[in-house]
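Peer 1: One structure is given below, represented as structure tokens, and several questions about it will come after.
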Amino acid sequence: AFGLVNPPTAQGYAVNGSVSFSQSKPGEPVLVEGVITGLKVNALHGFHIHEKGDISTKGCLSTGGHFNPQRKVHGGPNDRERHIGDLG
Numbered sequence: 002a003f004g005l006v007n008p009p010t011a012q013g014y015a016v017n018g019s020v021s022f023s024q025s026k027p028g029e030p031v032l033v034e035g036v037i038t039g040l041k042v043n044a045l046h047g048f049h050i051h052e053k054g055d056i057s058t059k060g061c062l063s064t065g066g067h068f069n070p071q072r073k074v075h076g077g078p079n080d081r082e083r084h085i086g087d088l089g
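According to our numbering, numbering within the sequence shown proceeds without interruption in unit steps and concludes at 89.
Next up, the structure:
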């Protein structure tokens, strides 16, 4: 799968990029690779996979929640129990 990063607004930043997801076979880990530009340097940024690719509204109102097929609790970047779509 392939995703483009080009939100209509991102707190005044011109954020752009592309992300690809590949998996050699079912049950194997998914490799996530990408290039994203326009983020503030030396700052923390969260990366999430949402249920929908709709970025027509400001913020994440039209994207749905984080991808969470196992219906786990939200959790944090270092928690074992968290949404599978929350990459940190």
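Backbone N, C-alpha and C define an ideal beta-carbon position, used for all residues, glycine too.
Given a cut-off of 8 Å, decide if Asp-80 and His-67 are closer than it, judged by their beta-carbon atoms.
Peer 2: Here residue 67 corresponds to residue number 66 of the sequence shown, with the count starting at 1. Here residue 80 corresponds to residue number 79 of the sequence shown, with the count starting at 1. In this structure, Asp-80 does not lie closer than 8 Å to His-67 by Cβ.
Peer 1: Which residue marks the beginning of the beta strand (DSSP E) containing Val-31, and which one marks its end?
Peer 2: Walking along the sequence shown from the start, residue 31 turns up at place 30. Per DSSP, Val-31 belongs to no beta strand (DSSP E) and is neither H nor E.
Peer 1: Can you tell me whether Arg-83 is buried or exposed? The criterion is at least 16 other CB atoms within 10 Å of its CB, across all chains shown.
Peer 2: Taking the sequence shown and counting its residues from 1, the one referred to as residue 83 is at position 82. Counting Cβ neighbours within 10 Å, Arg-83 comes out buried, since at least 16 surround it.
Peer 1: With C-beta atoms as the reference, is Thr-38 less than 8 Å away from Gly-18?
Peer 2: On the sequence shown, position 37 is the one that residue 38 refers to. On the sequence shown, position 17 is the one that residue 18 refers to. For Thr-38 and Gly-18, yes; Cβs fall inside 8 Å.
Peer 1: What does Asn-17 pair with, by DSSP beta-bridge criteria?
Peer 2: In the sequence shown, the residue the question calls residue 17 occupies position 16. Asn-17 pairs with Thr-38.
Peer 1: Is Leu-40 near Val-16, with beta carbons less than 8 Å apart?
Peer 2: In the sequence shown, counting from the first residue as 1, residue 40 sits at position 39. In the sequence shown, counting from the first residue as 1, residue 16 sits at position 15. Closer than 8 Å, so yes.
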